[in-house]
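Remarks on the structure that follows.
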Amino acid sequence: MAIAIENEIRGMRTLTARRVAGVCAILLGVLFVAVVISLRLGAFPLSVRDILATLVNGLLGRSDRVPSEFALVVFGLRLPRIALGILVGASLATAGAGFQALLRNPLADPYVLGVSSGAALGAILSIIFLPHVPGAIQAAAFVGAVITITAVFFLGRRGGQLDSATLLLAGIVAASFLSAGIMFLMTTLPGRDLRGMAFWLMGDLSSPPPTQNVRGWFVFLFVLFAIAGGAIYLTASDLNLILTGEKEAQHLGVNVRRVKLVVYVCASALTGLAVSVSGAIGYVGLLVPHAMRMLFGNDYRLLIPTSALGGAIAIVIADTLARTVVAPTELPVGAMTALAGAPVFIYLLRRRVR
Amino acid sequence: MNARRKRGKLPAICQGRNRLRLLALVPALMLLPVVRAIGAPVQSANARSTQSDAPRVVVDGTGRRVKIPARVGRIVSLAPNLTETLYALGLGDRLVGDTTYCDVPEDAKTKPHVGAPVNPSVEAIIALRPNMVFATTSINRVETVDALEHLGIPVYTTNSQTVREMIDSVGQIADVTDAAAVGAALTASLNARLDALRKRLAGEPPVRAVFVVWLDPLQSVGQHTFIADAMRWAGAESVVTSNQNWPQLSFEEVVRLQPEYFVFASSHSGEGAVTVEDLQKRPVWKDLRAVRDGHVAIVSDEIDRPDPGLIGAIEELARDLHPKAFKASAKDRMRSLPASRESICLTNRCATLGDQELTVAGWFGWYHNAFQSENGAGGLRGAAR
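The following block contains the structure:
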């Protein structure tokens, strides 16, 4: 047992900045290819030349040189959707990796602690009480997420600090209770305005930003992601030690209580952020960290950035498929993430077992 | 001292483990130009369109302010009932796109499709370059309307809960699309038919009925839907006292209510026809009073759609439920019904839809004649007469 731990720690210490940079560069390349393909495909016929012309002219401010529909489709529809997909995918996968470390449970995903159910309940209540207020759904969903995070935090403590088993149970109870509340509301209310809710619950990247200042909205979201994701990343080396055992980590000088608190708050905030803007997209937070673990190892200093990039790639590909597979109807993204992710995951699983 | 620390050494943040952490910033920096590119061109496109061609602002059925362009030449319809309404107003040639469910009239099936009403593809809508999109609260989502408005495409949303409101919305659509004269004629004729029907059914007590949307699980319509209102016009009262739009009923409730009639749409929400014989074979249904007596009314699918064709379905249902009120002489029938309906056969305007000169009255005549001949005399199936 002691030798195994020693080997694990020794294996992790050989990680260098060069390896991280190399792996991230490869994943960034894959993400770039996915983005290009996603820009190219869609119901509106655009060739790669058209896209390049639109992008170049748009960046240089010469938007009158391309037909306005091109600019509308590229900058108004596809690019925001891709950016939102990257953000949501990165948030969910990072949160998933964080929760898997925090709960020391490979089946943990961002929704296991009830955050998505709390956000969904907030969204439903805002549809009922504030139907046409722009931004109300996102704000209410985030508030719901925050309330759930706080409640589960207080329920999940044991001896003053977060205990993974208690936290898991508290989260599952919260998720079940909130889901029951959502089902009750959806079956007893008039139903006219809740059509959109069914799509929201399956995950939907197509909702426009709540403000006309699209650029400001995305900057705001990316800043939130950077803060929460960055905080988790800073605890990465401590997480490596905690995974070998909390007492061991404590003896090696890690402030276990503080690390757990930081990871809990930041991972929940990332989940709340993702769910508020796009609904509950499933499987990304669970499958992507595992896939990255199988490909690149268990070191959290590498796992967190690769999960973020892997999640972004997964959502961009899933959204592209959702937009084009049954054209002109658009499927919800959540329907495609499992379909697209499961075969990849099975392949990785088989490779590992062999 | 401090001097020794600063000379010749990188600051602590660039050393060792912190170098790894700095790497996290690189992807973020690479995405900055992308983020910068996102906002601007859409805003300028919006500004351009609003300057050039938006002389009028009207308030639509949901209270939104919609900028109507000067010439509404390219229309996209996001619901089957709106497509039918646009054809009824003679605007079929201005319709450039509709949904995959738009099947009446036949010409609507040949238009480019933008997807299902609930989740159409916004890109497909943009590809058709419409200057007006019509939506309805009965089937479209607010998110779709928001997305189109965000991109600067005007969307007019209708919101009709009753039959009279539906007729008003037909008039509003006509006003928005510069077809006010045709719209006035159409709404006048529809209102006249409703008034004539009400007069004819004046002495009859309303029949207690249940409209069945779905058999398994049993779903009916709530009190505030247009179908319940349509049934009231046809001399029936939906005995399902629910405020939800599509309440799911327990079968015990139906047994308790023991309605006099069950009403089905002829395609039964897409599942294929339900006949009296089918119900008389079903285990608990066959013991219900209405089924035993054969009191099952099958009406045209127009009952599901809040558009001008709904009036025809109401008249058909009224005939089915109150046959005595319709047993008047042929001369009385000719006198009481509006001229447009009978005169088409007399003046040989039973034209197909390929006829370019089809007038509004002629269109209605064609439609009702087509339906009458399809279902035999009286236009009903399985009803006790």
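Protein chains in written order, with my numbering: chain A, 1 to 354; chain B, 1001 to 1385.
From the three backbone atoms N, C-alpha and C, an ideal C-beta is built for every residue, glycine too.
For residue 256(A), tell me which candidate among 267(A), 243(A), 204(A), 266(A) has the shortest Cα-Cα distance. Taking each of 267(A), 243(A), 204(A), 266(A) in turn and checking the Cα distance to residue 256(A), the smallest one comes out for 243(A).
Spell out whether any CB of chain B is found under 7 Å from the CB atom of residue 337(A). It does not; no Cβ of chain B falls within 7 Å.
Whole-Å CB distance - residue 151(A) paired with residue 174(A), under 8 Å assumed: Right, their Cβ atoms sit about 6 Å apart.
Burial state of residue 111(A) (16 or more Cβ within 10 Å): In summary, residue 111(A) is buried, with 16 or more beta-carbon neighbours lying within 10 Å of its beta-carbon over all protein chains present.
Which residues in the same chain as residue 168(A) place their Cβ atom closer than 6 Å to its Cβ, once the five residues preceding and following it in sequence are excluded? For residue 168(A), where only same-chain residues beyond five positions count, the Cβ hits under 6 Å are 103.
Considering just the uninterrupted stretch of the alpha helix (DSSP H) at residue 1314(B), what are its terminal residues? Residue 1314(B) -> alpha helix (DSSP H) spans 1309-1321.
Anything in chain A within Cβ reach of residue 1114(B), meaning under 7 Å, just list it in chain order. Against chain A, a Cβ distance below 7 Å from residue 1114(B) picks out 328.
Using a C-beta cutoff of 7 Å, does residue 342(A) count as contacting chain B? Chain B, which has no Cβ nearer than 7 Å to the Cβ of residue 342(A), makes this no.
Would you say residue 195(A) faces chain B, with C-beta separation under 7 Å as the test? So, interface residue.
Distance CB(residue 1236(B))-CB(residue 1321(B)) smaller than 7 Å: Taking the C-beta atoms as reference points, residue 1321(B) is found nearer than 7 Å to residue 1236(B).
In its own chain, which residues sit with a C-beta less than 6 Å from the C-beta of residue 311(A), not counting the 5 before and 5 after it? Answer for residue 311(A): 89, 90, 92, 93, 284, 288, listed in chain order.
Three CB pairs or more closer than 8 Å across the stretch 247-264 of chain A and the stretch 152-163 of chain A: Taking 8 Å as the limit for Cβ pairs, the verdict is that the stretch 152-163 of chain A does touch the stretch 247-264 of chain A.
Spatial neighbours of residue 95(A) within its chain, please: C-beta separation below 7 Å, excluding the five flanking residues on both sides. The beta carbon of residue 95(A) is closer than 7 Å to those of 110, 267, 270, 271, 285 in its chain, skipping five residues each way along the sequence.
Is residue 232(A) near residue 98(A), with beta carbons less than 7 Å apart? With respect to the 7 Å criterion, residue 232(A) and residue 98(A) are classified as neighbours on the basis of their beta carbons.
Excluding the 5 residues flanking residue 1207(B) on each side, which residues of the same chain have their C-beta closer than 8 Å to its C-beta? Answer for residue 1207(B): 1235, 1236, 1237, 1260, 1261, 1321, 1322, listed in chain order.
Determine which residues of the stretch 64-77 of chain A have a Cβ less than 9 Å from any Cβ of chain B, and write them out in chain order. Within the stretch 64-77 of chain A, the residues whose Cβ lies closer than 9 Å to any Cβ of chain B are, in chain order, 64, 66, 68, 69, 71, 72, 73, 74, 75, 76, 77.
For a test of the three-state rule: what should DSSP assign to residue 1261(B), helix, strand or coil? Note: residue 1261(B) maps to strand in three-state DSSP.
Rounded to whole angstroms, what is the Cα-Cα separation between residue 1223(B) and residue 1230(B)? In this structure, the alpha-carbon of residue 1223(B) lies about 11 Å from that of residue 1230(B).
Run down chain B in chain order and give the residues with a C-beta less than 8 Å from the C-beta of residue 44(A). Scanning chain B for C-beta atoms nearer than 8 Å to the C-beta of residue 44(A) yields 1123, 1124, 1126, 1127, reported in chain order.
Going along the stretch 1138-1157 of chain B in order, which residues come within less than 7 Å of chain A, judged by CB to CB distance? When C-beta distances to chain A are compared with 7 Å, the residues of the stretch 1138-1157 of chain B below that value are 1141, 1142, 1143, 1146, 1147, 1150, 1151, in chain order.
Would you decide whether residue 1121(B) is buried or exposed? Buried here means 16 or more other CB atoms lie within 10 Å of its CB. Looking at its Cβ environment, which holds 16 or more other Cβ atoms inside 10 Å, residue 1121(B) is buried.
Got a sec? Which residues, its chain only, sit under 8 Å from residue 83(A) by beta carbon, not counting five neighbours each side? Excluding its 5 nearest sequence neighbours in each direction, residue 83(A) has C-beta neighbours in its own chain below 8 Å: 218, listed in chain order.
Can you say whether residue 1200(B) is buried or exposed, counting buried as having 16 or more other CB atoms within 10 angstroms of its CB? Residue burial annotation: residue 1200(B) is buried, with at least 16 other C-beta atoms found within 10 angstroms of its C-beta.
Apply the 10 Å Cβ neighbour rule to residue 1070(B) and answer buried if 16 or more other Cβ atoms are within range, or exposed otherwise. The residue is exposed, with fewer than 16 neighbouring Cβ atoms inside 10 Å.
Alpha carbon of residue 101(A) to alpha carbon of residue 1212(B), nearest angstrom: Answer to the nearest angstrom: the Cα atoms are 52 Å apart.
Residues of its chain near residue 70(A), where Cβ-Cβ distance is below 7 Å and the 5 sequence neighbours each way are ignored: Answer for residue 70(A): 46, 50, 54, listed in chain order.
Under a three-way DSSP split, which group does residue 1106(B) fall into? Three-state DSSP puts residue 1106(B) in a helix.
Residue-level contact to chain A via CB, residue 1101(B), 7 Å cutoff: By this cut-off, residue 1101(B) is not an interface position.
For residue 207(A), return the contacting residues in chain B, with the cut-off set at a CB-CB distance below 9 Å. Result: 1143, 1146, 1147.
Element boundaries [beta strand (DSSP E), containing residue 281(A)]: Premise fails: residue 281(A) is in no beta strand (DSSP E) and is neither H nor E.
Apart from the five residues on each side of it in sequence, which residues of its chain come closer than 8 Å, Cβ to Cβ, to residue 237(A)? Excluding sequence neighbours, residue 237(A) sits near 300, 301.
Based on Cα-Cα distance, which residue from 1097(B), 1061(B), 1309(B) lies nearest to residue 1193(B)? Comparing Cα-Cα distances from residue 1193(B) to each of 1097(B), 1061(B), 1309(B), the minimum goes to 1309(B).
Residue 1138(B) (DSSP reduced to helix, strand or coil): Looking at residue 1138(B) - three-state DSSP - the assignment turns out to be coil, as it is neither helix nor strand.
Is there a Cβ of chain A sitting closer than 7 Å to that of residue 1119(B), yes or no? Nearest CB-CB separation between residue 1119(B) and chain A: below the 7 Å threshold.
Beta-carbon gap between residue 1220(B) and residue 1239(B) smaller than 7 Å: A distance of 7 Å or more separates the beta carbons of residue 1220(B) and residue 1239(B).
For residue 313(A) and residue 1064(B), the rounded distance between their alpha carbons: Going from the Cα of residue 1064(B) to the Cα of residue 313(A) covers about 38 Å.
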